[in-house]
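Novice: Following this message is one structure expressed as structure tokens.
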Amino acid sequence: MEYLIDGFIRAAQLLLRGNEEAYSTIWTTLKVSSLSIIFSLLLGLPSGFMLSYLNFPGKKQIRAVVDTLLALPTVVVGIFIYGFISKRGPLGEFNLLFTISGIVAAQTILILPIVISLTASAIEGLDNRLMLTLITLGAKGKQLVFSIIYEARYAIFTAAVTAYGRAISEVGISMMIGGNIKWHTRTITTAIALESGKGDFAMGIALGIILLSIALFVNCSLIMLRRKA
Amino acid sequence: MIEIDNTSLYRVINIKHGYNNRFRLEIPDLTINKGISIGFIGSNGSGKSTLFRILAFLETPSEGTIFFNGKNVYGRPLSIKNDVTLLLQKPYLLKRSVFENIVYGLKMRGEKKNLKQRAFEALRWVGLSPEDFSQRRWFELSGGEAQRVAIASRLILKPKVLILDEPTSNIDQLSASLIKEAITAIRNRFNTTLIISSHDHVWLNKVADNILIIHNGRITGSGTENIIEGPWYHDKDDLWIKTLLDGKKIFATKPLNPDSIALLNPSEIIIANVKQSHISAQNILNGVITSMSTANEFEKIKVNVEIHGISLACNLTQHAVHELKLLPGKNVWVIFKASSLKWQ
Numbered sequence: 013m014e015y016l017i018d019g020f021i022r023a024a025q026l027l028l029r030g031n032e033e034a035y036s037t038i039w040t041t042l043k044v045s046s047l048s049i050i051f052s053l054l055l056g057l058p059s060g061f062m063l064s065y066l067n068f069p070g071k072k073q074i075r076a077v078v079d080t081l082l083a084l085p086t087v088v089v090g091i092f093i094y095g096f097i098s099k100r101g102p103l104g105e106f107n108l109l110f111t112i113s114g115i116v117a118a119q120t121i122l123i124l125p126i127v128i129s130l131t132a133s134a135i136e137g138l139d140n141r142l143m144l145t146l147i148t149l150g151a152k153g154k155q156l157v158f159s160i161i162y163e164a165r166y167a168i169f170t171a172a173v174t175a176y177g178r179a180i181s182e183v184g185i186s187m188m189i190g191g192n193i194k195w196h197t198r199t200i201t202t203a204i205a206l207e208s209g210k211g212d213f214a215m216g217i218a219l220g221i222i223l224l225s226i227a228l229f230v231n232c233s234l235i236m237l238r239r240k241a
Numbered sequence: 058m059i060e061i062d063n064t065s066l067y068r069v070i071n072i073k074h075g076y077n078n079r080f081r082l083e084i085p086d087l088t089i090n091k092g093i094s095i096g097f098i099g100s101n102g103s104g105k106s107t108l109f110r111i112l113a114f115l116e117t118p119s120e121g122t123i124f125f126n127g128k129n130v131y132g133r134p135l136s137i138k139n140d141v142t143l144l145l146q147k148p149y150l151l152k153r154s155v156f157e158n159i160v161y162g163l164k165m166r167g168e169k170k171n172l173k174q175r176a177f178e179a180l181r182w183v184g185l186s187p188e189d190f191s192q193r194r195w196f197e198l199s200g201g202e203a204q205r206v207a208i209a210s211r212l213i214l215k216p217k218v219l220i221l222d223e224p225t226s227n228i229d230q231l232s233a234s235l236i237k238e239a240i241t242a243i244r245n246r247f248n249t250t251l252i253i254s255s256h257d258h259v260w261l262n263k264v265a266d267n268i269l270i271i272h273n274g275r276i277t278g279s280g281t282e283n284i285i286e287g288p289w290y291h292d293k294d295d296l297w298i299k300t301l302l303d304g305k306k307i308f309a310t311k312p313l314n315p316d317s318i319a320l321l322n323p324s325e326i327i328i329a330n331v332k333q334s335h336i337s338a339q340n341i342l343n344g345v346i347t348s349m350s351t352a353n354e355f356e357k358i359k360v361n362v363e364i365h366g367i368s369l370a371c372n373l374t375q376h377a378v379h380e381l382k383l384l385p386g387k388n389v390w391v392i393f394k395a396s397s398l399k400w401q
């Protein structure tokens, strides 16, 4: 129990005293998870829209695969991406291993199924009178697509929050692809794993509290944004 | 070679349309002229909504041709869709403010000028205070208010064709009355072609220049005849009844099915100033004359009588009108035989 209380105190000290290492870890975490969510939304929103809106052969099978990938273990993504971007891998020449870009690419792959699947479900869940209403009011082409996505914005917010939660809390990818390099690729989760491994539970709990606070802040911001929308 | 009259806005030729072989709309020939108001009457599932979606270019019929403004619509650019707007039977409001709902169509057309002023004007047309309603969210409206917002979002577009699928069903009387006023006003102001379906036959008779009856996917007649919708219930012997609002009954012979539509020729109705007894006619109903006008029939006067929630038109000679001293507002007795009702 003592180390829990100690953890709270250490968390406050790290933040209030402006501990550079802690802030570097927080910054790296925010950077990789924010970039991952941006890329996954850019790829996932149109894919999810098409998966729900268009009819094409193999649609059900693709949907089944995407839904299965929701439970993708982070270490599995990590090992696959590691195989691709390591020196001997097909993408080895891009030198992505142990870089922020590598973690972002792998995290994007990890959370993309969440964005695609939840976006598709959000679009499918819309009232079937919506499309007729938009067309009768004169919407065409892109206007129609954006209006439909806008109508599903609350469910898409939820998809984004869920995906962000998965990205910010994963450890397998950050450890395998990032390598937990101090001042460079160390994220909060890899730092927690390291500190706990060293036996410094209080530091691990302090970082955990910071991670939870960030998650809470992001969620509250999105809830505010949702209310405003 | 199909000839298209300059005055015709729609010319529908040999269209056939169905869903999973269960329902089939078949219209060999239908012309709708520019600026007219045409009403459609039919029971639920008769094909009105399907026809309306085809006329609004939301669905393409399996077979047949539609000419709009003299041109075959297939292969035409989507811009013609901007000339036509449809209000669905159960309108859908976008998850936005009332103001955003109303100006959505204008924005889609690239119109950005005076949006606030135009939206406020459209709200006033449907009897909603712009100050109170423009910033309300979609979920802060009653059913009738939502319907009025949906109507306003169509009226603001000043479309060439306004298609309304039962615009006053399932809403409060005040909203229904305001919607009817707005529709009439917009038609008079912008010469909009109106295509309407409604179970409110009294209003439809007023607003429509011509009424068509649609049954089982086919246009089965025109509305110069009185239309009495089911349901019909078996009474005794060969007689079937429809119960009116205050419990009074209309007697008829056996219908094709309990939901059949009965047609009653206006010339088969007798009007009397006092209640008749000892006569063979089964239907002797009390009503109030609501309007009188020149009938299409030579030298006859069309007298509309409202009877416990339904409106019946009777064609009388000028002599009869004079003798009976008929005037709007007068209480009269309407008499017709059960066998005068013909089934659709």
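Chains as they are written, first to last, in my numbering: chain A, 13 to 241; chain B, 58 to 401. We put the beta carbon where it would ideally sit given N, CA and C, even for glycine.
Please confirm whether any heavy atom of the ligand SAH lies closer than 7 angstroms to the CB of A:L57.
Specialist: Absence of the ligand SAH from the depicted structure is noted, as is the absence of any ligand whatsoever, leaving it without description.
Novice: Among residues of its own chain, excluding the 5 on either side of B:T64, which ones have a beta-carbon nearer than 7 angstroms to its beta-carbon?
Specialist: Cβ neighbours of B:T64 beyond the five flanking positions: N90 and K91.
Novice: Is B:L321 closer than 8 angstroms to B:H365 when the C-beta atoms are compared?
Specialist: No; because the gap between Cβ atoms is not below 8 angstroms, this pair is not in contact.
Novice: Tell me B:A319's beta-bridge partners as DSSP assigns them.
Specialist: For B:A319, which the question treats as bridged, DSSP gives the partners B:I285 and B:W400.
Novice: Output the distance between the C-alpha atoms of B:L66 and B:V141, rounded to the nearest integer angstrom.
Specialist: 11 angstroms
Novice: Taking the CB atoms as reference points, tell me whether B:K359 and B:A370 lie closer together than 8 angstroms.
Specialist: Going by C-beta atoms, B:K359 is nearer than 8 angstroms to B:A370.
Novice: Could you have a look at A:I204 and say whether DSSP puts it in helix, strand or coil?
Specialist: DSSP places A:I204 in helix when its eight states are reduced to three.
Novice: Any C-beta of chain A within less than 8 angstroms: which residues of the stretch 99-126 of chain B qualify?
Specialist: R110, A113 and L115
Novice: Along the chain, where does the alpha helix (DSSP H) that runs through A:F20 open and close?
Specialist: E14 to L28
Novice: Just to make sure I have the definition right: I need the residues of chain A whose C-beta is within less than 9 angstroms of the C-beta of B:K138. Which are they?
Specialist: I147, T148, G150 and K152
Novice: Flag this pair as touching only if the stretch 92-101 of chain B and the stretch 261-268 of chain B have three or more C-beta atom pairs under 8 angstroms; answer yes or no.
Specialist: yes
Novice: Mind listing which residues of the stretch 148-165 of chain B have their C-beta closer than 7 angstroms to chain A's C-betas, in chain order?
Specialist: Y149, L151, K152, Y161, G162 and M165
Novice: Classify B:V69: buried if its beta carbon has 16 or more other beta carbons within 10 angstroms, exposed otherwise.
Specialist: Buried: at least 16 other Cβ atoms inside 10 Å.
Novice: Scan the stretch 188-274 of chain B and note each continuous beta strand (DSSP E) run of 3 residues or more that stays entirely inside, going in chain order.
Specialist: Entirely contained in the stretch 188-274 of chain B, the beta strand (DSSP E) runs reaching 3 residues are, in chain order, 218-222, 250-254 and 267-272.
Novice: Identify the continuous beta strand (DSSP E) that holds B:M349 and give its terminal residues.
Specialist: N340 to T351
Novice: Could you check whether A:I200 and A:G19 sit closer than 8 angstroms to each other, using their CB atoms as the reference points?
Specialist: A:I200 is positioned such that its CB atom lies no closer than 8 angstroms to that of A:G19.
Novice: Round the Cβ separation of B:A239 and B:I208 to the nearest angstrom and send it over; I've been treating them as touching at under 8 angstroms.
Specialist: 6 angstroms
Novice: Suppose contacts are defined by Cβ-Cβ distances below 8 angstroms. Is B:W400 in contact with B:K332 by that definition?
Specialist: No, the Cβ-Cβ distance between B:W400 and B:K332 is not below 8 angstroms.
Novice: Between B:G104 and B:G274, what straight-line distance do the alpha-carbon atoms span, to the nearest angstrom?
Specialist: 5 angstroms
Novice: By how many angstroms is the C-alpha of B:A113 removed from the C-alpha of A:C232?
Specialist: Those two C-alpha atoms are separated by around 44 angstroms.
Novice: Which residue's Cα is closest to the Cα of A:I126: A:I217, A:F51 and A:W39?
Specialist: Checked all of A:I217, A:F51 and A:W39; the closest Cα to A:I126 is A:F51.
Novice: Quick one: what's B:C371 bridged to in DSSP?
Specialist: B:V360
Novice: Given that B:T142 touches chain A, what residues does it touch there, using C-beta distances under 9 angstroms?
Specialist: T148, L149 and G150
Novice: Taking only three categories from DSSP, how would you classify B:T88?
Specialist: strand
Novice: Would a C-beta distance cut-off of 8 angstroms place B:S191 and B:A176 closer than the cut-off?
Specialist: B:A176 sits close to B:S191, with the two beta carbons spaced by under 8 angstroms.
Novice: Against chain B, does A:G142 count as a neighbour if the rule is that its beta carbon must be under 8 angstroms from one of theirs?
Specialist: The residue you asked about is not Gly; residue 142 of chain A is Leu in the sequence shown. With 8 angstroms as the cut-off, A:L142 counts as an interface residue toward chain B.
Novice: Would you list the residues sitting across from B:L296 in a DSSP beta bridge?
Specialist: The beta-bridge partner set that DSSP reports for B:L296 consists of B:K293.
Novice: In this structure, what does DSSP give as the bridge partners for B:V69?
Specialist: B:L87 and B:I123
Novice: Could you work out which residues of chain B lie near A:E136, taking near to mean beta carbons separated by less than 8 angstroms?
Specialist: Going along chain B, no residue has its Cβ under 8 angstroms from A:E136, so there is no contact; the nearest lies around 16 angstroms.
Novice: Give a yes or no on contact between the stretch 81-99 of chain A and the stretch 116-130 of chain A, applying the rule of three or more CB pairs nearer than 8 angstroms.
Specialist: yes
Novice: Compare the beta carbon distance of B:L144 and B:P224 with 8 angstroms and say whether it is the shorter of the two.
Specialist: Against a cut-off of 8 angstroms, the Cβ pair of B:P224 and B:L144 comes out as a contact.
Novice: Measure the beta-carbon distance from A:K43 to A:I112 and round it to whole angstroms, keeping in mind my assumption that it falls under 8 angstroms.
Specialist: 6 angstroms
Novice: Have a look at B:I327 and B:N283 and give me their C-alpha separation to the nearest angstrom.
Specialist: 14 angstroms
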